[in-house]
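S.K.: Following this message is one structure expressed as structure tokens.
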Amino acid sequence: MPANQVAQEAVGDYKAGWHDPENSSIRFDFGLSEQVVREISAIKEEPQWMTDIRVKAFHHFMERPMPTWGSTELLNSIKFDEICYFLRSGEGTENDWDDVPEAIRNTFDKLGIPEAEQKWLSGVTAQYESEAVYHSIREDLEKQGVIFLDMDSGLREHEDIVKKYFCSIIPYQDNKFSALNTAVWSGGSFIYVPKGVHVEMPVQAYFRINAKNMGQFERTLIIADEGSSIHYVEGCTAPTYSTDSLHSAVVELIAMPGAYIRYTTIQNWSNNVYNLVTKRGIAHENSTIEWVDGNIGSKLTMKYPAVILKGEGSHAEVISVAYAGEGMHQDAGAKVHHLASNTTSKILSKSITKNGGRGSYRGLVSVSKKAENCKVNVVCDALILDEQSRSDTYPTMEIKNPSCRCEHEASVSKVSDDQLFYLMSRGHSEDEALAMIVNGFFEPFVRELPMEYAVELNQLMALEMEGSIG
Amino acid sequence: MEHGESDIEALLEIRNLHAGIGDTQILKGIDLSIAPGEIHAIMGRNGSGKTTAANIIMGHPDFEVEEGEVLLSGENLLELEPWERAREGVFLSFQYPQAVPGLQVGNFLRKSVASIRGKEAAKGADFRGELNEAMDTLDIPRSFLSRYVNDGFSGGEKKRFEILQLLLLKPKLAILDETDSGLDIDGIKTVAAGINAAVRGTDSAALIITHYSRILEHVQPDKIHVLIGGQIVATGGPELAMQLEERGYEWLDPKAEAEGIA
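Taken in sequence, the protein lines are chains A and B.
Residue numbers for the first sequence follow this note's numbering, beginning at 1 and rising by one.
Residue numbers for the second sequence follow this note's numbering, beginning at 1001 and rising by one.
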């Protein structure tokens, strides 16, 4: 079968798989070098310290070996020389959709972003390839001192804050892909919520890759000051191509005492995108960090949202779902480090595999010696829809304080004929019945989502289940 | 009380049904005819083929029909998928209802009503009213709606939930497979009230599958059929249930008779 035919067929199932004609104002040649890193920094007219850290990170990336776990076969097939590391599409970041170039605006219209913004969001950033093309925040929040910018603007306008926190939670030496991101980062969100301010409605970032063989390396930094709260939502899609793209983000969260950060992701990359993301937050006294992480797309995802419970009484939640269909591997999970007493964590991971897809839960929970009376709860459930698919669990617990109360449950289940028959006898076709079971399985995750996302995710899964049986 | 074969069109007509699972033949030539508004009961011991009969009428994919016909208002049911049969008006109350974790009862009921009775029937205040009324009849609290389908339900809750679906889906033909088993006397009365509400005074019909006569005291079937070894060996009125209660099944078992036990 010719490659373009494969791509065409995949677009049939994957609703966001179209692409626009490419119309770039700056496009780098394929491949990565120190020169490329320096040019990205120069184009953005960055301060010297940022250029320096980029260059150091680049050398670390080059020297650092590829991870030897996860999917080594897929990791080693990434062709770093065939990726474009910077592509500017717009003329800049607009705050009126009418000023966004028409083709790009149409794409975000199709994805329903401007509509969602009007209905239920506090602010929106839309990133297309390497940079934000649209950005807005509600006026009342701006008046209260909430900063919500794309990361490039954040660095320009609030260099002191960025300098203080950039790489403070995830140093570039953390792993090969955090080094890559630090070297070539572009776009992403910068958020600061002042003391005591509650951002009631979520803010959303939407990441779209359009070009072939594109690398998207957004960098996000969220600081919630004492007693404040924010819910950040991100979505991502890309066209279906027969060649691969790379998405490698770094997200750092800082929850100051008493603050609350929820970070929700619905990742629906097309199945030619490598999604290798490092996400970590630090939780100070009595603060809460929640990662709500949905992985529905991509070719390979390796992502383990982490929380460092540094302050006494802090709380972490990582609720995730993963769906792996044909040709997909979701290697996802969570990490929580209990460094202080009376800290609590809850991890819920659910995966569905189908058509030879592979799902892995990889988790690490550690409780340090000094941390008294911590509570840990880990639940992993897998639903396997056919004999060709595979699900694995790699849970690690390092509990060094005996006062810790630790619970761990894992289950693997299949859809039974009797379950399907029961639902079919109530007037539901086989596909509908399967979608009901699958959506039910994901329900503990879905009920955590804003309603609009919940509806979309249910529809997405129903679509994935069409023609699954028989 | 004999119905002339021609003057009332049967709602359910089963003719010479032979069926089984794999190589095992379970039903060996069943004939059964139920007119609109009637309640029939099939009684028999475990393993006599009662549940097989229910599953075949509903269309369980594991069972194979070798011979015979199953007609609903003259239409051949055997060619339809289970969900198409449901939409034509067949309902099965399961002996062992399946749990679907994460699927909320309220949501499931609305979707099922929409699928079987049409989207309009599942909308707005009318549906809400109907739902409340049915739940009151069955003594089901409102909090039930936010639970997950059959997930962690007690035996009695499962049976009540089946009857709740019966009341809301308004089928032409309701098959109730051992809906009384495992229920206490109050539970049986409640379930019987549900069945009566669904059938009496309507053109619908019910087929009650049971091996106890208790529930039949509260629903008063028009006819009782005794199933032994995959065949109907006796048909009679409510008095037959009393006889079975007193004498058991042996006296009707052709095999036992042949062996001289009866």
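Yeah, the Cβ is synthetic: ideal placement off N, Cα and C, and Gly gets one too.
(1) Would you report the Cα separation of A/Val37 and A/Val455, rounded to the nearest angstrom?
(2) For the beta strand (DSSP E) containing B/Lys1028, name the first residue and the last one.
(3) Can you list, in chain order, the residues of its chain whose CB lies under 7 Å from that of A/Tyr120, leaving out five sequence neighbours each side?
(4) Check A/Lys414 in the structure and name its three-state DSSP category.
(5) Along the segment 1099 to 1110 of chain B, where does the CB come closer than 7 Å to a CB of chain A? Name the residues.
(6) Tell me, please, whether the CB atom of A/Met201 is closer than 8 Å to any CB atom in chain B?
(7) Along chain A, which residues have their Cβ under 8 Å away from the Cβ of B/Leu1092?
(8) DSSP three-state label for A/Asn377, please.
(9) What is the DSSP secondary structure of A/Phe28, reduced to helix, strand or coil?
(10) Any beta carbon from chain B within less than 8 Å of A/Ser429's own beta carbon?
(11) What residues in the segment 392 to 403 of chain A have a beta carbon less than 8 Å from any beta carbon of chain B?
(12) Return the CA-CA distance between A/Ile222 and A/Ile161, expressed in angstroms with no decimal places.
(13) So A/Ile170 and A/Val250 are in contact, right, with Cβ under 8 Å, and what is the actual spacing, rounded?
(14) Should B/Arg1160 be flagged as near chain A, meaning a C-beta pair shorter than 8 Å?
(15) Is the shortest distance between the beta-carbon of A/Asn458 and the beta-carbons of chain B less than 8 Å?
(16) Put A/Trp69 into one of helix, strand or coil per three-state DSSP.
(17) Quick one: what's got a C-beta closer than 6 Å to A/Ile137's C-beta in the same chain, skipping five residues either side?
(18) In terms of residue numbering, what span does the beta strand (DSSP E) encompassing B/Ala1198 cover?
(19) Since A/Thr288 and A/Tyr260 should fall inside the 8 Å C-beta cutoff, what is the C-beta to C-beta distance between them, to a whole number of angstroms?
(20) Name the DSSP beta bridge partners of A/Asn295, please?
(21) Using the three-state DSSP reduction, which class does B/Gln1243 fall into: helix, strand or coil?
(22) Could you give the distance in angstroms between the alpha-carbon of A/Val26 and the alpha-carbon of A/Asp331?
(23) Look at the alpha carbon of A/Ser71 and the alpha carbon of B/Phe1108, and state the distance between them as a whole number of angstroms.
(24) Where does B/Ser1006 land, buried or exposed, given buried means 16+ other C-beta within 10 angstroms?
(25) Below 8 Å on the Cβ atoms is my guess for A/Asp174 versus A/Thr278; work out the distance and round it to an integer in Å.
(26) Quick one: using the 10 Å Cβ neighbour count with 16 as the cut-off for buried, is A/Trp185 buried or exposed?
(27) In terms of alpha-carbon separation, which member of A/Leu32, A/Trp97, A/Arg405 and A/Arg105 lies closest to A/Asp81?
(28) Beta-carbon within less than 7 Å of B/Met1059's beta-carbon, same chain only, minus the 5 sequence neighbours each way: which residues are those?
(29) Specify the secondary structure class of B/Thr1202 as computed by DSSP and reduced to three states.
(30) Which of the three DSSP states is assigned to B/Thr1210 in this structure?
(31) Within the same chain, show all residues whose beta-carbon is closer than 6 Å to that of B/Lys1170, passing over the 5 residues directly before and after it, in chain order.
(32) Suppose you measure from the CA of B/Pro1061 to the CA of B/Arg1142; what does that come to, to the nearest Å?
M.R.: The answer reads as follows:
(1) 41 Å
(2) Thr1024 to Ile1034
(3) Note on identity: in this sequence residue 120 of chain A is Trp, with Tyr being the wrong assignment. Counting only Cβ-Cβ distances below 7 Å, and skipping sequence neighbours, we find Met201, Pro450 and Glu452.
(4) strand
(5) Val1100, Pro1101, Gly1102 and Leu1103
(6) no
(7) Ser425
(8) strand
(9) coil
(10) yes
(11) For chain B, none of the residues of the segment 392 to 403 of chain A brings a beta carbon within less than 8 Å of one of its beta carbons.
(12) Each residue's Cα considered, the two are about 11 Å apart.
(13) 5 Å
(14) False, the Cβ-Cβ gap to chain A never drops below 8 Å.
(15) Not flagged as an interface residue toward chain B: A/Asn458, since no C-beta distance is shorter than 8 Å.
(16) coil
(17) Gly123 and Phe148
(18) Annotation: B/Ala1198 is outside any beta strand (DSSP E); the continuous alpha helix (DSSP H) that includes it extends over Ile1185 to Val1199.
(19) 5 Å
(20) A/Gln267 and A/Ala322
(21) helix
(22) Checking the sequence, you will find Ile at residue 26 of chain A rather than Val. C-alpha separation (whole angstroms): 34 Å.
(23) Distance between the alpha carbons of A/Ser71 and B/Phe1108: 39 Å.
(24) Here B/Ser1006 scores only 45 on pLDDT, less than 50, and its place in the model is too uncertain to base an answer on.
(25) Contact flag correct, Cβ pair sits at about 6 Å.
(26) A buried status is given to A/Trp185, since no fewer than 16 other beta-carbon atoms sit within 10 Å of its beta-carbon.
(27) A/Leu32
(28) Reading off the sequence, residue 1059 of chain B comes out as Gly, not Met. Closer than 7 Å at Cβ, skipping near neighbours: Leu1080, Glu1081, Pro1082 and Arg1085.
(29) coil
(30) Reduced to three states, the DSSP call for B/Thr1210 is strand.
(31) Listed in chain order, the non-local C-beta contacts of B/Lys1170 below 6 Å within the same chain number zero, local neighbours out to five positions each way being set aside.
(32) Answer to the nearest angstrom: the Cα atoms are 35 Å apart.
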